[in-house]
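Engineer: Residue numbers (the UniProt record's numbering): 1 to 243.
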Amino acid sequence: MKKFFSFGSKKGGSSFRVTSSPRDGPGILREKRIGTNSFGWGYNIRDRDLRKIHRVASMGNVRKLQEILFFGKHGVDERDKMNRTALHLACANGHPDVVAVLVERKCQLDLFDKDYRTALMKAAQCQNERCVTILLEHGADPNLTDIAGNTALHYAALGSNTSIAEKLLLHHANIEVRNKDELTPFLLAVSENKQQMVEFLIEKEANVHAVDKLQSSRQLIAEHREEKLINYLQSKNAEIGKL
1 MKKFFSFGSK KGGSSFRVTS SPRDGPGILR EKRIGTNSFG WGYNIRDRDL
51 RKIHRVASMG NVRKLQEILF FGKHGVDERD KMNRTALHLA CANGHPDVVA
101 VLVERKCQLD LFDKDYRTAL MKAAQCQNER CVTILLEHGA DPNLTDIAGN
151 TALHYAALGS NTSIAEKLLL HHANIEVRNK DELTPFLLAV SENKQQMVEF
201 LIEKEANVHA VDKLQSSRQL IAEHREEKLI NYLQSKNAEI GKL
């Protein structure tokens, strides 16, 4: 069982719940959504939803993918029944070699799935750094938002993956962008007690005075009783006050 955090819609603020989800098979994790604005890893892969190109992309079968594309059996940007492209599925399942082939064949990088997530968001969400790197180097937009207003940087923050966050920021990801619950990547990291990510984003000059709908960042930390985070944020506030 693997845990992931679901973005709840609790009135009066944000809430994240830990949920468990069983694997459907090697490299495939079933996604359970709560409401429309949730964070979940992977995709719900059902064979009946897929065309052949999507099936081989999700499995990481580069040779078969090249054969399909060579003979023109499917378009490189063809959608499955869930509005996903082969690129979405390759990124969600961590197949950078498949991503490289699709990019070489000039696939569109910023298409949305049914939740308005791009392949870059899926790669960041599933912490597939090599896929993130390929997409960014070929011009994928890091500032597009999904159905809940989240960017790839929000997903990197939730996963506490500073390496992916670093790459996104180097490619001009907006560090202060807010999702529909008014959470910046920094506030999201604070609310989930991701201390390493909090420290990283502060070092990257995230606004430590940012507030969500109801609370300051310090109140969010206090709510979770994370003394180390409180002390760290207080020290940073003191440093900023001296400037």
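Beta carbons: idealized from backbone N, C-alpha and C, even for Gly.
(1) My understanding is that I68 touches A100, with C-beta atoms under 8 Å, so please give their C-beta distance in whole angstroms.
(2) To which residues of the same chain is T145 closer than 6 Å at the C-beta, ignoring the five residues directly before and after it?
(3) Using C-beta distances below 8 Å, list every residue in its chain close to D97, excluding the 5 sequence neighbours before and after it, in chain order.
(4) What residue range does the alpha helix (DSSP H) around Q125 cover?
(5) Would you kindly check if the distance between the Cβ of C107 and the Cβ of V132 is under 8 Å?
(6) Using 8 Å for Cβ pairs, my map puts M197 next to A189. What's the rounded Cβ distance?
(7) Quick check on DSSP: helix, strand or coil for V208?
(8) Does the Cβ of G42 have 16 or more other Cβ atoms within 10 Å, making it buried, or fewer, making it exposed?
(9) Examine the ligand SAH and report whether any of its heavy atoms sits within less than 7 Å of the Cβ of L135.
(10) On the three-state DSSP scale, how would you describe P96?
(11) Would you kindly report the start and end of the unbroken alpha helix (DSSP H) that includes Y155?
(12) Put V177 into one of helix, strand or coil per three-state DSSP.
(13) Measure the Cβ-Cβ separation of G139 and R178 and say whether it is below 8 Å.
(14) Determine the contact status of D80 and R105, defining contact as a CB-CB distance below 8 Å.
(15) For K64 and L187, what's the separation of their Cα atoms in angstroms?
(16) May I have the straight-line CA-CA distance separating V103 from N174, to the nearest angstrom?
Structural biologist: If we stick to the structure as given:
(1) The pair is not a contact, with the Cβ atoms about 16 Å apart (cut-off 8 Å).
(2) Non-local beta-carbon contacts of T145 in its own chain, meaning distances under 6 Å to residues more than five positions away in sequence, involve T151 in chain order.
(3) These residues qualify, in order along the chain: G60, V62.
(4) Note, Q125: alpha helix (DSSP H), 119-125.
(5) No, the pair does not count as a contact, with Cβ atoms beyond the cut-off.
(6) Their Cβ separation, rounded to whole angstroms, is 4 Å, which keeps M197 and A189 in contact under 8 Å.
(7) In the structure shown, V208 sits in coil (DSSP, three-state: anything other than H, G, I, E or B).
(8) It is buried - the Cβ of G42 has at least 16 other Cβ atoms within 10 Å.
(9) Absence of the ligand SAH from the depicted structure is noted, as is the absence of any ligand whatsoever, leaving it without description.
(10) Three-state DSSP puts P96 in a helix.
(11) Counting along the chain, the alpha helix (DSSP H) containing Y155 begins and ends at 152-158.
(12) Of the three classes helix, strand and coil, the one that applies to V177 here is coil, per DSSP.
(13) Going by C-beta atoms, G139 is not nearer than 8 Å to R178.
(14) The answer is no: Cβ separation not under 8 Å.
(15) Distance from the CA atom of K64 to the CA atom of L187, rounded to whole angstroms, is 43 Å.
(16) Taking the CA atoms as reference points, V103 sits about 24 Å from N174.
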